[in-house]
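Worksheet: one structure, shown below.
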Amino acid sequence: MRFKKGQTVYYGDTSEDIVETTQQDFRLPADYRWQTNALTTILRHLFQFMIQLFARFYCRWILHIHYVNRQLVKKASEGCYLYANHTQQTGDVFSPFCVANHPAILISPANLGIPVVGKLLPLGGGLPISSSLHQLKTFNDAVYQRLDAGDTVVIYPESHLWPYATDIRPLDHTSFHYPANHPAPVYTMTTTYQKSRWHRHPNVTVYLDGPFQPDISLPIKSRQKKLHEQVTAQLQKRSRNSTYQYVIYKRRPTA
Numbered sequence: 509m510r511f512k513k514g515q516t517v518y519y520g521d522t523s524e525d526i527v528e529t530t531q532q533d534f535r536l537p538a539d540y541r542w543q544t545n546a547l548t549t550i551l552r553h554l555f556q557f558m559i560q561l562f563a564r565f566y567c568r569w570i571l572h573i574h575y576v577n578r579q580l581v582k583k584a585s586e587g588c589y590l591y592a593n594h595t596q597q598t599g600d601v602f603s604p605f606c607v608a609n610h611p612a613i614l615i616s617p618a619n620l621g622i623p624v625v626g627k628l629l630p631l632g633g634g635l636p637i638s639s640s641l642h643q644l645k646t647f648n649d650a651v652y653q654r655l656d657a658g659d660t661v662v663i664y665p666e667s668h669l670w671p672y673a674t675d676i677r678p679l680d681h682t683s684f685h686y687p688a689n690h691p692a693p694v695y696t697m698t699t700t701y702q703k704s705r706w707h708r709h710p711n712v713t714v715y716l717d718g719p720f721q722p723d724i725s726l727p728i729k730s731r732q733k734k735l736h737e738q739v740t741a742q743l744q745k746r747s748r749n750s751t752y753q754y755v756i757y758k759r760r761p762t763a
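When we follow the numbering used here, the leftmost residue of the sequence shown carries the number 509, and every step to the right adds one.
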């Protein structure tokens, strides 16, 4: 789906899915397995290395992305969480590979339904979110296994993609149960937009910040709430560096 300069997009609420796919309702099979064995890990790391080579070129020269504190997450001595706003159709696929060595990106099951590409997403590090309650424990175990192996768990807590959006939408508080239940450093990645003098699309500046440490002195629910507030505040702070609206979002008038 293409978006034009100056286009106005109307929405009903901030949880609305602006970009839909033909496989929007795709669900994981009941017997779906998140691969965590040694052989799969080796193959995934090799494939991710190839993706990283492409991502560095694509994000720099095609998407014109400039990263601030680019090495911040890579310098982390352990697995960590990375929370980001969701505003780039392809950039949000490749940016994690520019700032983290082994990203484990939480993705919608609908992405697996994309012809050809969908089947490759798990090999590239994608972790499709469970489609049912009975799959939840297995999925969470896979997330924590990747974290403990030193990977960066990438989460887009706005849930839905809004291309070129400059405001931070309400973050899903349930997405913070991961660091609350399985503590590790938390970082943020904020994508912002500035008008380009030379290109049709805007320049993109991505800010890396953190770490925010889960407060293990608090009960889990309070720990989750505090992380939600910290990440929201940081994303909102950096989003103020957006100085250009390529796409304008307006709430749909009610009858």
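Cβ atoms here follow ideal geometry from the backbone N, Cα and C, with glycine treated the same way.
- L635 sits close to I615, with the two beta carbons spaced by under 8 Å.
- In the three-state scheme derived from DSSP, where H, G and I count as helix and E and B as strand, A650 is classed as helix.
- V694 is the residue among V694, D723, H709 whose C-alpha sits nearest the C-alpha of V739.
- An exposed status is given to A657, since fewer than 16 other beta-carbon atoms sit within 10 Å of its beta-carbon.
- Cβ-Cβ distances below 6 Å link L669 to V527, H594 in the same chain, with the five nearest sequence neighbours on each side left out; the list follows chain order.
- Between H553 and V712, the gap from beta carbon to beta carbon reaches 8 Å or more.
- Within the same chain, and ignoring the five residues on either side of P687 in sequence, the residues whose Cβ sits closer than 7 Å to its Cβ are Y589, V694, P722, L735.
- Bounds of the alpha helix (DSSP H) holding A741 are 728-747.
- Proximity of the stretch 539-554 to the stretch 664-680 falls short of the contact definition, fewer than three beta-carbon pairs being nearer than 8 Å.
- Per the Cβ contact rule, the stretch 553-572 is not in contact with the stretch 529-543 (fewer than 3 Cβ pairs under 8 Å).
- In the DSSP assignment, Q556 falls within the unbroken alpha helix (DSSP H) covering 546-565.
- By the Cβ neighbour-count rule, S730 is exposed, with fewer than 16 other Cβ atoms within 10 Å of its own.
- Annotated as distal: T696 and L641, with beta-carbon spacing of 8 Å or more.
- Under the 10 Å beta carbon count, G599 is surrounded by 16 or more other beta carbons and is classified as buried.
- Note on geometry: alpha-carbon atoms of K627 and P617 lie some 11 Å from one another.
- Across the structure, A584 and Y652 are spaced so that their CA atoms are roughly 17 Å apart.
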